[in-house]
Every structure is written in structure tokens, then in C-alpha cells.
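*Asks:* The structure is given below, and queries will be raised subsequently.
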Amino acid sequence: RMYCRHSEIPPPENWNFYMALSFFRMAIILQGVHKRSLPGQAGLAAAEQNEKLTEYVSNLAWDFAVKEGFRVFKEMPPQNHY
């Protein structure tokens, strides 16, 4: 929104949709990084920190999706830990 304000252009109508989309995309990328770290290519502390960050970003995405009215599920789908 700061970009829009400084550029003197109106923000998109579906702002929360675009925020949810970008956070879900980031969470998917982070999940891929986390999965690659599991076989031992990264330290355990880094893998745990990345898992927490992935969960945090996906929760942010969910919050924006709910604000936009995309209430497809009654609650977050269960997490599968592989």
C-alpha cells in the first residue's frame, strides 16, 4: 500500500487476495527449502527455524484469505509432517 500511496495510484480492489496469494506462494517456496533440508543438507537448527517460518507465513496467508472471504474450509487443513 505504501508503494501505491507514494506512486499516487489506487491500491487494487482485492488487496487481501493478492496478499494471501503472495504469502501462500512464499510458504510453498519455504516448504520446498525445508524439505530439501531434511536429508541433512542443513543443520538441525536451521531446519527447525525454517519449519517455524513456513508455518508463520502460511498462517499470514490464511489470515489474508479469510479477510477476503475465501472461507472454503471451516478450519486450517491438518498438517502432514513428513
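Going by full-length UniProt numbering, the sequence shown opens with residue 1, and the numbers climb by one from there. Using N, Cα and C, we set each Cβ at its ideal position, and we do this for glycine too.
#1: Taking buried to mean at least 16 other C-beta atoms within 10 Å of its own C-beta, is residue 59 buried or exposed?
#2: Are residue 66 and residue 26 closer than 8 Å when you measure CB to CB?
#3: State buried or exposed for residue 46, treating a residue as buried only when at least 16 other CB atoms are found within 10 Å of its CB.
#4: What are the boundary residues of the alpha helix (DSSP H) that residue 1 is part of?
#5: Taking the alpha carbon of residue 36 as the reference point, which residue from 22, 23, 51 and 24 has its own alpha carbon closest?
#6: Output the distance between the C-alpha atoms of residue 16 and residue 64, rounded to the nearest integer angstrom.
#7: Can you tell me which of 49, 1 and 21 puts its alpha carbon nearest to the alpha carbon of residue 34?
#8: Could you give the first and the last residue of the continuous alpha helix (DSSP H) run that contains residue 16?
*Replies:* Inspection of the coordinates gives the following:
#1: Classification of residue 59: exposed, given that the 10 Å Cβ count is below 16.
#2: The answer is no: Cβ separation not under 8 Å.
#3: The C-beta of residue 46 has fewer than 16 other C-beta atoms within 10 Å across all chains shown, which makes the residue exposed.
#4: First-last for residue 1: undefined, no H or E at that position.
#5: The option with the nearest alpha carbon to residue 36 is 51.
#6: Taking the straight line from one Cα to the other gives about 5 Å.
#7: For residue 34, the closest C-alpha among the options 49, 1 and 21 is that of 49.
#8: Residues 15-37.
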